[in-house]
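Colleague:
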Ligand SMILES: Cc1ncc(COP(=O)(O)O)c(C=O)c1O
């Protein structure tokens, strides 16, 4: 497939030719869901888990679009350049309505869009990043990977305008996740991540880290983390498919522990890289 081709509603075409109607409910209401799936030199990473989450998101927004994992694989594979580390962005909206109306229109066809982009390698990963805690002002269905991301966008922007790489979101005194990542913290020697609730996205990277930690006898728990506990954490990480595992070395302008990437980060990051390579063999 030629470079820069995208998929839109059954066709593979150049990005500049991919057009949707202004009456698409994704455009009007953010009425859709999406996935971001890494693909390392032609091999999808945790493909089944990503598609499973997509199916849950579709059910969660009552969008009937049943496709098997294999059908998704066949649809997405032609977009990939197998010489590069990339990610697929897959986006499904409820479709184009005859007029703007909040209620679901009957008999419309969902819009399906997918594109592939290079994963930008995080520079100086070993130096860690700065994070800022902000009030989690999002809605109550953060477990769904909805395209309606305005709250996340504003939170991330606020973080970046103050020279932080990510917003760490706090709800009722407890950490939920990052604006575009899940959170782990090393608290009193125990690797801890908030449990799966409607307040967080069930991250695929989070799941892989839990699996790796357990397999390597690293003590890990899924437990609520108070802001007080976070402030005293020995390590804090933010994790996601495209940025993998990033250590937060400064929180709200104060050093996390020594202000350096911690020992457990090094261990888990190495195990994660090994897991990635093994699952691509
Ligand atoms: C709000 C939010 N939480 C968590 C994640 C991490 O999810 P994953 O590891 O599946 O990329 C993301 C990823 O973009 C996200 O947007």
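Numbering (the numbering used here), first residue to last: 19 to 299.
All residues carry an ideal CB built from backbone N, CA and C; glycine is no exception.
Give the range of the alpha helix (DSSP H) segment to which residue 66 is assigned.
Modeller: 65-78 is the span of the alpha helix (DSSP H), which, as asked, contains residue 66.
Colleague: State yes or no: is the C-beta of residue 41 nearer than 7 Å to some heavy atom of ligand 1?
Modeller: No, the beta carbon of residue 41 sits no closer than 7 Å to any heavy atom of ligand 1.
Colleague: With DSSP as the reference, identify every bridge partner of residue 243, one or two as the case may be.
Modeller: Note: residue 243 sits in no beta bridge, so no partner.
Colleague: Check the C-beta distance from residue 71 over to residue 220 and give it rounded, since I have them as a contact under 8 Å.
Modeller: Correct: roughly 6 Å between the Cβ atoms.
Colleague: Is any non-hydrogen atom of ligand 1 found closer than 7 Å to the C-beta of residue 221, if you look at the structure I gave you?
Modeller: Yes, ligand 1 has a heavy atom inside 7 Å of this Cβ.
Colleague: Between the Cα of residue 218 and the Cα atoms of 179, 41, 164, which residue gives the shortest distance?
Modeller: The shortest Cα separation from residue 218 among 179, 41, 164 belongs to 164.
Colleague: Return yes when the C-beta of residue 164 is under 7 Å from any heavy atom of ligand 1, and no when it is not.
Modeller: Flag unset: Cβ of residue 164 not near ligand 1.
Colleague: Go through its chain and collect everything with a Cβ distance to residue 131's Cβ below 6 Å, but skip five positions before and after it.
Modeller: Taken in chain order, the residues that qualify are 26, 109.
Colleague: For a test of the three-state rule: what should DSSP assign to residue 196, helix, strand or coil?
Modeller: Residue 196: strand per DSSP, three-state reduction.
Colleague: Give me whichever residues DSSP pairs with residue 104 in a beta bridge.
Modeller: Residue 104 pairs with 57, 136.
Colleague: Per DSSP, what kind of secondary structure is residue 273 in: helix, strand or coil?
Modeller: DSSP places residue 273 in strand when its eight states are reduced to three.
Colleague: What would DSSP say about residue 159, mapped onto helix, strand or coil?
Modeller: It is coil, neither helix nor strand.
Colleague: Residue 199 CB to nearest chain B CB: under 8 Å?
Modeller: The structure shown has no chain B; it contains just one protein chain.
Colleague: Along the chain, where does the alpha helix (DSSP H) that runs through residue 293 open and close?
Modeller: Its alpha helix (DSSP H) spans residues 281-297.
Colleague: When you compare each of 92, 129, 134, 204 to residue 45 by their alpha carbons, which one comes out closest?
Modeller: Ranking the options by Cα distance to residue 45, first place goes to 129.
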